[in-house]
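A.B. asks: This is the structure I want to talk about, given as structure tokens.
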Amino acid sequence: MGMSDAKRDVAAGRLPSHQVQENFADLHPPLDRHGATVEADRCYFCHDAPCVRACPTSIDIPMFIRQISTGNPHGAAETILKQNIMGGMCARVCPTETLCEEVCVREVAEGKPVKIGHLQRYATDALFADGKQVFVRAAESGKRVAVVGGGPAGLSCGHRLAVLGHSVTVYDARKKLGGLNEYGIAAYKTVEDFAQREVAFILSLGGIEVVTGRRLGADLSLAQLRADYDAVFLGAGLGAVNGLGLEGEDLDGVVDAVDYIAELRQAKDLSVLPVGREVVVIGGGMTAIDIAVQSKLLGAQDVTIVYRRGKAQMKASGFEQDLAQTKGVKIVHFAKPARLIGEGGAVRGIEFERTRLGAGDRLEGTGENFTLSADVVFKAIGQTFVPDGLDGGVRLEGGRIAVDGEGRTSVPGIWAGGDCVAGGQDLTVAAVEDGKNAAHSIDRALRGAGA
Amino acid sequence: MTDLRNDFVGIKSPNPFWLASAPPTDKEYNVVRAFKAGWGGVVWKTLGEDPPIVNVNGPRYGAIYGADRRLLGFNNIELITDRPLDVNLREIKQVKQDWPDRAVVVSLMVPCEEGAWKKILPLVEDTGADGIELNFGCPHGMSERGMGAAVGQVPEYVEMVARWCKQNTRMPVIVKLTPNITDVRNPARAAKQGGADAVSLINTINSIVGVDLDTMAPNPATDGKGTHGGYCGPAVKPIALSMVSEIARDPATAGFPISGIGGISDWRDAAEFMALGAGNVQVCTAAMAYGFRIVEDMVEGLKTWMEEKGHARLDDFVGKAVPNMTDWQYLNLNYVVKARIDQDDCIKCGRCYIACEDTSHQAITATKDGQRHFEVIDEECVGCNLCVSVCPVENCITMERLTDGVDPRTGQPIEREYANWTTHPNNPNRVAAE
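So the protein lines, in turn, are chains W and H.
Just so you know, we're using this note's numbering here: the first sequence kicks off at 5 and counts up by one.
Just so you know, we're using this note's numbering here: the second sequence kicks off at 422 and counts up by one.
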């Protein structure tokens, strides 16, 4: 391969600053009023609409689209937000092509669904632009709830609890709330600090206290929370990244994709981020796409995603796969990492073994290997839940917190939702629904109706 | 060879498409552009007495749009020509000389005094124009001064002025009718009675296109105030078709020439008006929305359709739909239909279901065996066509006639013989069936 002939090349400023800015502009420019009106007109206002059923938060999509078409975007936003307080972010990051838009009757009929996500963004943007509050808190219940984790699940839960009249304290390990909305998700999907604007909107309701820099198991005790609050909701997300299980994972340049994305999302100037010339991404989900595309947009010369299974098995949606390829990312299917190649303590390449689906769709190696030279190898093969601070009492299932249909854990008084629970879909919209559901369950319990 | 040549009360034009009296026909410049584009004729924008009227200096038009700003309805408060009479007359004469094969009809509106008509008619005659059209329809502005629709709403005036004109000119006289009236047959009969050669209809309908909810001003507004205008464009076509048909099938005016006007935008609209008895058609709004070139499709489209149908001349299909217009009381009550939903075409939007369930006869299912499935319940279906009307997929729902057995809704046997309300047992005034 001769990979030791050339110098390892990881550098900032591969592209001029203005080019980087341009590359990270809004992925989908927002619809203007006319565009929204025309698109809204395409909606048939279906009876018992399939799109509503496909939405994890059951947003009344035909109604909010009709409200857009009648020139009532605030009403539309209200329709959205009362089902999904993060309707703004979900409009940007939901894989709509596998949710609402997949079942739109116009997708079925003509392969061109109503652009529900874009319309949802139009409505929520209009409300945010006017800074209007649409929620009113119920009378103070006198009950206090601790929410651990200020991501989509926690904020959704906290907001709904506050609406229902309870006093909420949201704890988060990081400096800012928002969870993956703030520290994950590709930057071009949530421009202009939208995650923080959405958090500010949620908190503007009142009744939600925020304590940051506190991590469960380190400087936050579950036993203390249970003692201090009437209920606890755990929305801690996933704290660790899966390893490749190969020698050399500690080499320089072998990087957790989620860590790099968090750094990228917090960077004030993207052009100072170090980027490899040749980048290899291991994984097949949204994170793999996000890191690959962003590396390319930062100026990496060759970016290759390597996934051990085929296109159909990739967790990243078809739209995301297409986006990556449009941006110049190469996707290699059916190959698994076999060996990291280092030199002087830094990664220089990675060897893969080709795979195939054997009997019973089991993955097996073919014995045929190939090597890609790499200045940086990103690991994006999934995250795992870190059960720190659960005091051993909360039952886990498959490594994540076990919950019932209402989000109740095995411990009375403790609810959980979002990515940290078993059966989670690792989707923002699903986390929002978990939080909302749990909030209603907590409310019932605190009011003595369904405990 | 398909022949589109039109002879309307002796006025000849190469095709049946005339531009109606309106802004597009106010000047030689526009009319020449229209003739170059292929229009068969024009009715020159209405001439009046000098000094010319004045128009507002603010907006004259307002519009109703579809979602993508397709113009569906149009409204205007423009008055008759605001140019001096002699300028118009000079230009009309020039155009007619330059375009002898095209129809040039002159619209007129002067006060309801015989002297006024006697004075203007020879001036128009001198231009060589092919005919005149009496503007008894303009609903705004001029009607406040006792002209336009103010005349058209009083059949006696219509007859009187038509007679004056026939007595004072050799030119064919077309009377343009206002739709702002209870029964359009009355002024049509009056026009015929007065000796007119034809009627043209409809003129525009009294209208306000909207209200600005910020300023509380009607649209269009002049300095914050508005006045009703005249409505036209595609939205008025059904009203115009009905009025044309009323005159066409009225025994008192049957066969009386009609120039059809009202929302005609394409060849198909034109063919429909002509099928209901119009000898030719006049167009305005579509030209104002898209320019004169639309006539190319009108000519080609009509020709193609006529060839397909084997109509060699316009007369072959003019009035062909008139015998199928009747009164409600003569509709066949033994004609029983049921809606049928083509399951292959159905996209499962459920619009038919909710329309029928909420607002009509509960005759469509929403589910079948737990699955989303829309199907007609014959026991409840009255054949009303609402589901067809709201279905977004053309021909997905059709109406199927029952010809045998029993109507599952009524339990009554299907009768094949025609029978109408006049003999129905529930009709207190029924006549004995023959």
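We treat Cβ as the ideally placed atom computed from N, Cα and C, and that holds for glycine.
Between G39/W, D254/W, R37/W and A127/W, which lies nearest to G79/W when the distance is taken from Cα to Cα?
C.D. replies: With distances taken between Cα atoms, G79/W lies closest to A127/W.
A.B. asks: Indicate whether at least one CB of chain W lies closer than 7 Å to the CB of Y756/H.
C.D. replies: Answer no: the Cβ-Cβ gap between Y756/H and chain W never drops below 7 Å.
A.B. asks: For Q325/W, does the three-state DSSP call read helix, strand or coil?
C.D. replies: Helix at Q325/W.
A.B. asks: Apply the 10 Å Cβ neighbour rule to D260/W and answer buried if 16 or more other Cβ atoms are within range, or exposed otherwise.
C.D. replies: The residue is buried, with at least 16 neighbouring Cβ atoms inside 10 Å.
A.B. asks: Taking a contact to mean a Cβ-Cβ separation below 7 Å, would you say A727/H touches T423/H in this structure?
C.D. replies: Looking at the sequence shown, residue 727/H is not Ala but Met. Contact flag set, yes.
A.B. asks: Following the continuous beta strand (DSSP E) through K433/H, name the residue where it begins and the one where it ends.
C.D. replies: Start and end: I432 to S434.
A.B. asks: Comparing alpha-carbon positions, which option in A157/W, R18/W, G91/W and L431/W lies nearest R125/W?
C.D. replies: When only C-alpha atoms are compared, the closest one is G91/W.
A.B. asks: Output, in sequence order along the chain, the residues in the region 745-772 of chain H whose CB is closer than 8 Å to any CB in chain W.
C.D. replies: Flagged, chain order: I768, K769, C770, G771 and R772.
A.B. asks: List the residues of chain W whose Cβ lies closer than 9 Å to the Cβ of C489/H, in chain order.
C.D. replies: This sequence places Asp at residue 489/H; Cys is not what is there. By Cβ distance, chain W contributes H38, T41, V42 and D45.
A.B. asks: Residues of chain W with a CB under 9 Å from the CB of A787/H: which are they?
C.D. replies: By Cβ distance, chain W contributes H51 and D52.
A.B. asks: For chain H, is any of its Cβ atoms less than 7 Å away from the one on A384/W?
C.D. replies: No, because no Cβ of chain H sits closer than 7 Å to the Cβ of A384/W.
A.B. asks: Could you give the distance in angstroms between the alpha-carbon of R404/W and the alpha-carbon of A157/W?
C.D. replies: Looking at the two C-alpha atoms, the distance is approximately 15 Å.
A.B. asks: Please report the straight-line C-alpha distance between R734/H and S564/H, rounded to a whole angstrom.
C.D. replies: Near 39 Å, if we compare the C-alpha coordinates of S564/H and R734/H.
A.B. asks: Does the Cβ-Cβ distance between K587/H and G616/H come in under 7 Å?
C.D. replies: Contact flag set, yes.
A.B. asks: Just to confirm before moving on: does the CB-CB distance between I513/H and A609/H stay below 7 Å?
C.D. replies: No; because the gap between Cβ atoms is not below 7 Å, this pair is not in contact.
A.B. asks: Which whole-angstrom value describes the C-beta separation of L277/W and L250/W, a residue pair presumed to lie in contact below a C-beta threshold of 8 Å?
C.D. replies: At roughly 25 Å, the Cβ-Cβ gap does not stay under 8 Å, so L277/W and L250/W are not in contact.
A.B. asks: Just the chain W side, please: which residues come within less than 7 Å of I775/H by C-beta, in chain order?
C.D. replies: Result: H51.
A.B. asks: So does the region 287-299 of chain W actually touch the region 360-375 of chain W, counting three or more Cβ pairs closer than 8 Å?
C.D. replies: With a cut-off of 8 Å, the region 360-375 of chain W and the region 287-299 of chain W do not count as touching, because too few Cβ pairs lie within range.
A.B. asks: Classify M581/H as helix, strand or coil using the three-state DSSP reduction.
C.D. replies: Note: M581/H maps to helix in three-state DSSP.
A.B. asks: Could you tell me the alpha carbon to alpha carbon distance between V739/H and W465/H, rounded to whole angstroms?
C.D. replies: Taking the straight line from one Cα to the other gives about 25 Å.
A.B. asks: Could you tell me which of D129/W, R230/W and T173/W sits nearest to G417/W, measuring between CA atoms?
C.D. replies: Answer by Cα proximity: R230/W.
A.B. asks: So if I threshold CB-CB distances at 8 Å, which residues from the region 796-814 of chain H count as touching chain W?
C.D. replies: Those residues of the region 796-814 of chain H that come within reach of chain W (Cβ to Cβ, closer than 8 Å) are P813 and V814.
A.B. asks: How many Å lie between R219/W and F237/W at the Cα?
C.D. replies: In a straight line, the C-alpha of R219/W is about 14 Å away from that of F237/W.
A.B. asks: Output yes if chain H places a C-beta closer than 7 Å to the C-beta of V112/W; else output no.
C.D. replies: So, interface residue.
A.B. asks: If we ignore side chains and look at the alpha-carbon of each, how far apart do P437/H and F456/H end up?
C.D. replies: Cα to Cα, the separation comes out at about 13 Å.
A.B. asks: What ranges does the beta strand (DSSP E) occupy inside the region 400-451 of chain W, keeping only unbroken runs of at least 3 residues that lie completely in it?
C.D. replies: DSSP runs (the beta strand (DSSP E)) wholly in the region 400-451 of chain W: 418-420.
A.B. asks: Using beta carbons (cut-off 7 Å, strictly below), is Y48/W in contact with chain H?
C.D. replies: Chain H, which has a Cβ nearer than 7 Å to the Cβ of Y48/W, makes this yes.
A.B. asks: Alpha carbon to alpha carbon, how far is G409/W from K86/W? Give it in angstroms, no decimals.
C.D. replies: Rounded to the nearest angstrom, the two C-alpha atoms are 20 Å apart.
A.B. asks: Between G686/H and Y652/H, is the Cβ-Cβ spacing less than 7 Å?
C.D. replies: At residue 686/H the sequence reads Ser, which differs from the Gly that was named. Not in contact: S686/H and Y652/H (Cβ atoms no closer than 7 Å).
A.B. asks: In chain H, what lies closer than 9 Å to S73/W by C-beta?
C.D. replies: Residues of chain H passing the Cβ test: A488.
A.B. asks: Tell me where the beta strand (DSSP E) around S680/H begins and ends.
C.D. replies: Segment I679 to I682, the beta strand (DSSP E) holding S680/H.
A.B. asks: Would you kindly check if the distance between the Cβ of A378/W and the Cβ of A284/W is under 7 Å?
C.D. replies: Reading the sequence as shown, one finds Val at residue 284/W and not Ala. Cβ atoms of V284/W and A378/W: closer than 7 Å.
A.B. asks: Would you report the Cα separation of K2/W and S299/W, rounded to the nearest angstrom?
C.D. replies: In the structure displayed, chain W extends from 5 to 455; residue 2/W sits before or after that span and is not available.
A.B. asks: Would V109/W count as contacting chain H if we go by Cβ distances under 7 Å?
C.D. replies: Yes, because at least one Cβ of chain H sits closer than 7 Å to the Cβ of V109/W.
A.B. asks: Pair every Cβ in the region 657-668 of chain H with every Cβ in the region 631-639 of chain H, then say whether three or more of these pairs are closer than 8 Å.
C.D. replies: Touching, no.
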